[in-house]
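The structure appears below as structure tokens.
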Amino acid sequence: MSGVMGKASEVAIIGAGIHGASAAFHLASRGVKPAVFEQVAPAGGPTGRSSAICRAYYTNPYLARVAYASLEMFRSFADLTGGRNCGYHQTGAVYLHPDADATALHEAASYMNSIGTRIEMLSPKDLRREFPLFNADDIGVAAWEPGAGYADPVATTVGLLSRACELGATQRLYTRVAGLKARAGGGARLSLESGETTECERLLIAAGPWTRSLVAQLGVELPLTVERHYVATIRWHDAREMRFAHADIVGGYYCKPEGEDLYCIGPLTPEPEVDPDEPVRGLDTEESHALARLATKRIPRLKEAVSTGGWASLYDVSPDWMPVIGEIAPGVFVDAGTSGHGFKLGPALGADVAALVMGKEVDAGIRDFTPDRFTAGHTLSAGYGSAKILG
Ligand SMILES: Cc1cc2nc3c(=O)[nH]c(=O)nc-3n(C[C@H](O)[C@H](O)[C@H](O)COP(=O)(O)OP(=O)(O)OC[C@H]3O[C@@H](n4cnc5c(N)ncnc54)[C@H](O)[C@@H]3O)c2cc1C
Numbered sequence: 011m012s013g014v015m016g017k018a019s020e021v022a023i024i025g026a027g028i029h030g031a032s033a034a035f036h037l038a039s040r041g042v043k044p045a046v047f048e049q050v051a052p053a054g055g056p057t058g059r060s061s062a063i064c065r066a067y068y069t070n071p072y073l074a075r076v077a078y079a080s081l082e083m084f085r086s087f088a089d090l091t092g093g094r095n096c097g098y099h100q101t102g103a104v105y106l107h108p109d110a111d112a113t114a115l116h117e118a119a120s121y122m123n124s125i126g127t128r129i130e131m132l133s134p135k136d137l138r139r140e141f142p143l144f145n146a147d148d149i150g151v152a153a154w155e156p157g158a159g160y161a162d163p164v165a166t167t168v169g170l171l172s173r174a175c176e177l178g179a180t181q182r183l184y185t186r187v188a189g190l191k192a193r194a195g196g197g198a199r200l201s202l203e204s205g206e207t208t209e210c211e212r213l214l215i216a217a218g219p220w221t222r223s224l225v226a227q228l229g230v231e232l233p234l235t236v237e238r239h240y241v242a243t244i245r246w247h248d249a250r251e252m253r254f255a256h257a258d259i260v261g262g263y264y265c266k267p268e269g270e271d272l273y274c275i276g277p278l279t280p281e282p283e284v285d286p287d288e289p290v291r292g293l294d295t296e297e298s299h300a301l302a303r304l305a306t307k308r309i310p311r312l313k314e315a316v317s318t319g320g321w322a323s324l325y326d327v328s329p330d331w332m333p334v335i336g337e338i339a340p341g342v343f344v345d346a347g348t349s350g351h352g353f354k355l356g357p358a359l360g361a362d363v364a365a366l367v368m369g370k371e372v373d374a375g376i377r378d379f380t381p382d383r384f385t386a387g388h389t390l391s392a393g394y395g396s397a398k399i400l401g
């Protein structure tokens, strides 16, 4: 196969995580037929290991709008994708904050309510009454988002990509893009590991933790780093008493139900940087115990739960913990750096990313996420304190 020149495409996408799959879906829905290159299977990278909590609880107004639109897509997924199921469960979510967050939270809640995301503010007294499982001693303020939930990240990604293919996209699975060169007139020439090369007029790189090394081949330096993040799972026989998700900003962890009696628990805070090309170390016992200590401090009755395992995966993080989206060279775009909150953004963000790639009108809010903001000194604020993952 060495030296074979494949068919040129108008648009190519590297990566079939939720972001690449969603962009393919929205491009194909607009009549563009992208070629999607994925080194493993759809959602075979970090997306498939996501806790997949879906909420529209954001401090950034643009992301709050995108997350709201994504929740609408999860709910109407079957209609959008020819009858496919994304496994969305609406459970609601509670957010537990220190008093110091009160002003920022009220402001964010007011915006979220104004665009249709219902957020109810709870005083510690309300919290004790409505959610008696929590030890609320160190909580200053809390919020309840009834529309939040979780989805199946693999089913969502496969559903969007499969629908894109029905509409004319092509998927090249188990096909690693090994080399990238800028193409005269815009776009890029892609060299596949097999030796084949192909060209595209426009390229979207949505390669998660491997985005930085791909764009470096075009002479572009993106300040993305990669962290290993883990999830511990527990089983609790009284799980019917806690069907909702919660994020404990004071304690630094999140917890979401998974099916009938399981929960996934993970940290809300940064972890050390790792090399994405090294094997990912699985969850270790001390990490699992540390998460259990946080969860049982907040919910003493979880002492009755048993550990059932867990896993670890990677995510790519920008210096301000906000996504990096935009054109980095003529006709070459990135959508990456979504850290620990990018799954739920993916379905609706793909519409704006598709518009950006095709040079069409787009919500101007996306321009704040331009990759050159770090050199221009326009970094964004994210989340609350060290829980930047809340966006
Ligand atoms: C443990 C964990 C828990 C999380 N929990 C949540 C959560 O509850 N809610 C939430 O919203 N978000 C969560 N996230 C974050 C979310 O999963 C990510 O933001 C999102 O999945 C990123 O999607 P992506 O498409 O940008 O990247 P990825 O999923 O990283 O996809 C990139 C794809 O590109 C492919 N690729 C890379 N290089 C090449 C190449 N050279 N050639 C071909 N293919 C290539 C990879 O194989 C991969 O499939 C979590 C993440 C982790 C790790």
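Sequential numbering from 11 applies to the sequence shown in the working numbering. Using N, Cα and C, we set each Cβ at its ideal position, and we do this for glycine too.
Is residue i helix, strand or coil when you go by DSSP?
| i | result |
| --- | --- |
| leucine 190 | strand |
| valine 104 | strand |
| glycine 269 | coil |
| valine 344 | strand |
| glycine 360 | helix |
| alanine 161 | coil |
| glutamate 209 | strand |
| tryptophan 220 | helix |
| alanine 242 | strand |
| arginine 139 | helix |
| arginine 65 | coil |
| serine 298 | helix |
| leucine 73 | helix |
| glycine 336 | strand |
| methionine 131 | strand |
| glutamate 283 | strand |
| isoleucine 149 | coil |
Please report how far the alpha carbon of residue i lies from the alpha carbon of residue j, in whole angstroms.
| i | j | result |
| --- | --- | --- |
| arginine 253 | glycine 320 | 20 Å |
| alanine 346 | threonine 57 | 12 Å |
| methionine 11 | tyrosine 264 | Confidence in methionine 11 is poor, its pLDDT being 40 and thus under 50, which makes the residue's placement too unreliable to answer from. |
| alanine 103 | tryptophan 154 | 6 Å |
| lysine 266 | aspartate 287 | 29 Å |
| leucine 190 | glycine 55 | 20 Å |
| glutamate 296 | glutamate 270 | 26 Å |
| alanine 339 | leucine 228 | 8 Å |
| valine 151 | aspartate 258 | 11 Å |
| glutamate 314 | proline 156 | 27 Å |
| valine 14 | glutamate 206 | 5 Å |
| serine 39 | alanine 179 | 10 Å |
| histidine 107 | lysine 307 | 15 Å |
| threonine 101 | threonine 279 | 23 Å |
| phenylalanine 144 | aspartate 248 | 14 Å |
| glycine 292 | glutamate 176 | 36 Å |
| glutamate 251 | aspartate 147 | 20 Å |
| arginine 138 | glutamate 130 | 15 Å |
| glycine 25 | tyrosine 98 | 23 Å |
| glutamate 110 | alanine 53 | Reading off the sequence, residue 110 comes out as alanine, not glutamate. The straight-line gap from Cα to Cα measures roughly 38 Å. |
| alanine 51 | isoleucine 309 | 38 Å |
| histidine 388 | proline 333 | 13 Å |
| histidine 29 | leucine 301 | 29 Å |
| aspartate 373 | histidine 116 | 25 Å |
| glycine 375 | valine 230 | 23 Å |
| leucine 200 | lysine 17 | 11 Å |
| tyrosine 78 | alanine 34 | 20 Å |
| arginine 383 | glycine 401 | 17 Å |
Quick one: measure Cβ to Cβ for residue i and residue j, integer angstroms, because I've assumed they're closer than 8 Å.
| i | j | result |
| --- | --- | --- |
| alanine 361 | histidine 36 | 5 Å |
| alanine 194 | serine 317 | Not really, about 57 Å apart at Cβ, beyond 8 Å. |
| valine 344 | glycine 336 | 7 Å |
| valine 363 | alanine 198 | 17 Å between Cβ atoms; not a contact. |
| glycine 393 | threonine 167 | With a Cβ gap of about 25 Å, glycine 393 and threonine 167 do not count as contacting. |
| alanine 158 | alanine 62 | At roughly 11 Å, the Cβ-Cβ gap does not stay under 8 Å, so alanine 158 and alanine 62 are not in contact. |
| phenylalanine 353 | proline 163 | 6 Å |
| leucine 312 | asparagine 70 | The Cβ separation is near 32 Å, so there is no contact. |
Using DSSP bridges, identify the partner residues of residue i.
| i | result |
| --- | --- |
| proline 277 | Tyr263 |
| phenylalanine 47 | Ile24 and Arg182 |
| serine 19 | Cys210 |
| serine 396 | According to DSSP, which records beta bridges pairwise, serine 396 is partnered with nothing at all. |
| tyrosine 325 | Glu237 |
| leucine 390 | Answer by DSSP bridge pairing: none, since leucine 390 is not bridged. |
| serine 317 | Ile244 |
| histidine 256 | Val104 and Cys265 |
| leucine 200 | Leu190 and Thr208 |
| glutamate 155 | Ala103 |
Could you confirm whether any beta carbon from chain B is found closer than 8 Å to the beta carbon of residue i?
| i | result |
| --- | --- |
| leucine 400 | Chain labels in this structure do not include chain B; a single protein chain is all it has. |
Worksheet entry | Three or more C-beta pairs below 8 Å linking the region 64-74 and the region 116-127 | As far as the Cβ criterion goes, the region 64-74 touches the region 116-127, which means the pair count is three or higher.
Worksheet item: Hey, is the region 37-45 in contact with the region 17-24, meaning 3+ C-beta pairs nearer than 8 Å?
Response: Note that the region 37-45 touches the region 17-24; at least 3 beta-carbon pairs, one per stretch, sit closer than 8 Å.
Worksheet item: Should the region 361-377 be called in touch with the region 210-224, which here means at least 3 C-beta pairs below 8 Å?
Response: Yes: at least three Cβ pairs fall under 8 Å.
Discussion item. Three or more C-beta pairs under 8 Å: does that hold for the region 324-337 against the region 222-239?
Written reply: The region 324-337, when compared against the region 222-239, does touch it at the 8 Å Cβ threshold.
Discussion item. Check whether the region 86-100 and the region 154-174 touch, using three or more Cβ-Cβ pairs below 8 Å as the test.
Written reply: With a cut-off of 8 Å, the region 154-174 and the region 86-100 count as touching, because enough Cβ pairs lie within range.
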